[in-house]
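Q: So in my numbering, the last spot in the sequence shown is 830, and the numbers never skip.
Backbone N, C-alpha and C define an ideal beta-carbon position, used for all residues, glycine too.
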Amino acid sequence: MKEFLTVVSETMQEAFEKAGYPKESGRVSISNRPDLCQLQCNGAMALAKQEKKPPFEIAEKIAQTLKDNGGEQVFSMIDVVKPGFLNLNVSQEFVKGYLEKMAADEKLGMEPPEKQKTIIVDYGGPNVAKPLHVGHLRSAVIGESIKRIARFAGHNVTGDIHMGDWGLQMGLIIYEVMQRQPELVYFDDSFEGEYPKEAPFTISELEEIYPTASKKANPKKEEGESDEAFAARKEAGDLYKAGAMECTKKLQDGQRGYRALWDHIMAVSVADMKKNYVNLNVDFDLWNGESTVHDRIPAMVKRLREEGYAHESEGALVIDVKEETDTKEMPPCMVLKSDGASLYNTTDLATLEMRKEENAPDQVIYVVDKRQSLYFEQIFRAAKKSKIVDDNTKLDFLGFGTVNGKDGKPYKTRDGGVMRLSMLIEQIREAMLNKILENKKSSGAAVDEEQAKETANMVALAAIKYGDLSNQAAKDYIFDVDRFTSFEGDTGPYILYTMVRIKSILAKYEQIGKKVDEATLIAAAGEEETQLALAMTRFNAVARTAYEELAPHKICAYVYELANEANRFYHSTKIIDESDETKQKGYVALLALAERIFECCIALLGFDAPERM
Ligand code: ARG
């Protein structure tokens, strides 16, 4: 279904053409003077110079042509104002017709794409055996929304979690476990039997093992520590790291016991990750990781060498990616380290190669911390240059900013530790539950604790996701529990609250024995009704822009505006008490359609609304 402004513009463009002016100049846009008019067309202004006529004269002729050709079916006001603007209001009968078509369409008027694309969204990116922290929140939340928006735009979209499951962190864990329990069968080279099914650690042990190992390998000088003492610890650290690196290498080379231990690390860690992602309403189609492509690395490297794309540099194997037009430094992309080990880059290149073979994507979108932007520029260039992907495969880096606390520094726990994702979710859930209970108590309603908890969890998710997504991805933002959980202002809870109000009006309408399904739209008469109806017509254009610009914040801005209009409307209009049946049906039909638009928008953002609050 064509976008509302497109349909309106077409009427105007026809008038331009009939009046003897170029059609393209007849584009209609949303008014930047909403106090004067709803829409405007500045085409006459732009034409004045080339037509050598005063713009006012051109505008008047167009207005007349428009009126002579039935333009008043679309526009209820066509005003020519000095020096040559066309100020327009749209006919509410026409708006009604547009909304009716939206209502009849399952996708609320969203146009199918000209060509369906195959898209992979690479997001989440958690590291195995390290607890998810607030940095992982953004990738998950933004990536999930991008996936849903692209799918809604009609594309074939696959979400891949791309776990960090193959690097030095795995070697560190194996090495640390070996220090603690050298008697474990995984470390017995002569063992030929079956390894135990049970993991030798729990998730909380695993979450302690990794940071301990990491600290041992990279000791930091402590306060008051003498230089000699630190030097000794550093030396021990280097030895420790060498041990961990050896473990990494052996693991990657396929040592049986290490692989078996790695399988345990994966199983324990992935089960925990899944819980976290379920809590976030985030869902991946593929649970691939860096390890998935391990076996294809040798052949890839061989080809890169043979076809001359990669060359040795200081012992390492690299692909030059510098271009003449570069203004900033662009180091080569390293494919193998000097000891022959593969690295983060190698797995990303091999993953692209695999994706090309298995999915043949037209586009791959990476939702990763913006501090990795140079890295991805190197990867993209290396992949194109060495024909790992075709020239026409679009590779997009959607880099996001940092989550900060109110002090403007990265969000931490109260005692300055890393904020775990699970703790952050718990914080918001608690704050939300308190607010909901307070509201209930002050309204004197009976409280069902279990129910309140369930509702609080749902609203909490909206608070977190909306708080994140309403910012442009690339910007840092402040994680503000009080603001995010507020029922007023540009927040998730406000959006849900508005929806719940609408649902309750629709439910009341049914309670008085009428059917929402049978309510039919009418041309809006009142100001609030008109504004709500107009905002509703913009849905498909907003969804398209959000897709094209990979910008969930545009959906947030829209849904916020829609919520404001809906609030104004139901506060100013008696609906259940309206005695004029036709009017009442018109209001109900308008709200029912608005509710569908809300549902669709929040689904694109990745959260749901409760029935009651
Ligand atoms: N695991 C990585 C990290 O924590 C993010 C992975 C991003 N995706 C990718 N294909 N490299 O930094």
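#1: If you draw a straight line from the alpha carbon of PRO399 to that of LYS519, how long is it in whole angstroms?
#2: Among MET547, GLY243, VAL499 and TYR238, which has the Cα closest to the Cα of VAL225?
#3: Going along the chain, which unbroken runs of the alpha helix (DSSP H) with 4 or more residues stay wholly within the region 687-721?
#4: Do you know how far the Cα of TYR340 is from the Cα of THR619?
#5: Check each candidate in ASP480, GLY532, SER603 and TYR592 and name the one with the smallest Cα separation from GLY525.
#6: Across the region 454-467 and the region 399-416, are there enough close Cβ pairs to call them in contact, namely three or more that are closer than 8 Å?
#7: Which same chain residues end up closer than 8 Å to ASP502 when comparing Cβ atoms and leaving out the 5 residues on each side of it in sequence?
#8: Taking 8 Å as the threshold, find out whether the region 625-634 comes into contact with the region 481-497 through three or more Cβ pairs.
#9: Tell me whether GLU541 is buried or exposed, calling it buried when 16 or more other Cβ atoms sit within 10 Å of its Cβ.
#10: My output table needs one value for GLU594: the three-state DSSP class, helix, strand or coil.
#11: Please work out which residues of its chain come closer than 7 Å, Cβ to Cβ, to SER508, disregarding the five sequence neighbours upstream and downstream, and give them in chain order.
#12: Between PHE404 and the rest of its own chain, which residues show a CB-CB distance below 7 Å, the 5 nearest in sequence each way excluded?
#13: Look at the Cβ atom of PRO827, then the Cβ atom of THR672, and state whether they are nearer than 7 Å.
#14: Could you tell me the boundaries of the beta strand (DSSP E) in which CYS550 lies?
#15: Measuring alpha carbon to alpha carbon, tell me which residue in ARG700, LEU354, ALA449 and LYS332 is nearest LEU638.
#16: To the nearest angstrom, how far is the alpha carbon of ILE426 from that of VAL345?
#17: Select from LYS266, MET294 and LYS235 the residue whose C-alpha is nearest the C-alpha of LYS278.
#18: Run through the region 708-786 for me and flag every whole alpha helix (DSSP H) of 4 or more residues, listed as ranges in chain order.
#19: DSSP three-state call for ALA488: helix, strand or coil?
#20: Please state if the CB of TYR764 and the CB of ALA357 are separated by a distance shorter than 7 Å.
#21: Do the region 741-759 and the region 295-310 make contact, defined as three or more Cβ pairs closer than 8 Å?
#22: Can you list the residues near ligand 1, meaning Cβ strictly closer than 6 Å to any non-hydrogen atom, in the order they appear in the chain?
#23: When DSSP labels each residue in this structure, what does THR375 get in the three-state scheme?
#24: Which ranges does the beta strand (DSSP E) cover as unbroken runs of at least 3 residues, wholly within the region 317-390, from first to last along the chain?
#25: Would you mind working out which of ALA820, CYS254 and ILE275 sits nearest TYR238, comparing C-alpha positions?
#26: Leaving out the 5 sequence neighbours to the left and right, which residues in its chain are closer than 7 Å to ILE295 when beta-carbon positions are compared?
#27: Flag this pair as yes or no: are the beta carbons of LEU468 and MET387 separated by less than 7 Å?
#28: Helix, strand or coil: how does DSSP classify ALA820 here?
#29: Of all the options GLN644, TYR561, LYS670 and ILE642, which has the alpha carbon lying nearest to the alpha carbon of ILE653?
#30: Cutting at 6 Å between CB atoms, please list the residues of its own chain near ALA820, excluding the five before and the five after it.
#31: Would you list the residues sitting across from PHE233 in a DSSP beta bridge?
#32: I need the straight-line Cα distance from GLN472 to GLU574, nearest angstrom please.
#33: Give the range of the alpha helix (DSSP H) segment to which LEU638 is assigned.
#34: To the nearest angstrom, how far is it from the Cα of ASN688 to the Cα of ALA677?
#35: Using CA coordinates, which residue listed in GLU439, VAL499, ARG829 and SER431 is at the minimum distance from GLN668?
A: Concretely, from the data shown:
#1: 37 Å
#2: GLY243
#3: 698-701
#4: 16 Å
#5: SER603
#6: no
#7: THR375, GLY376 and ASP377
#8: no
#9: exposed
#10: helix
#11: ASP382 and TRP383
#12: MET395 and GLY474
#13: yes
#14: 550-553
#15: LEU354
#16: 12 Å
#17: LYS235
#18: 709-728, 744-754 and 756-765
#19: helix
#20: no
#21: yes
#22: ASP339, GLY342, ASN344, HIS379, GLY381, ASP565, TYR583 and VAL585
#23: strand
#24: 335-339 and 373-377
#25: ILE275
#26: ALA280, LEU283, LYS284, GLY288, LEU303 and LEU305
#27: yes
#28: helix
#29: LYS670
#30: none
#31: Paired residue(s): none; PHE233 is not in a bridge.
#32: 28 Å
#33: 638-660
#34: 18 Å
#35: ARG829
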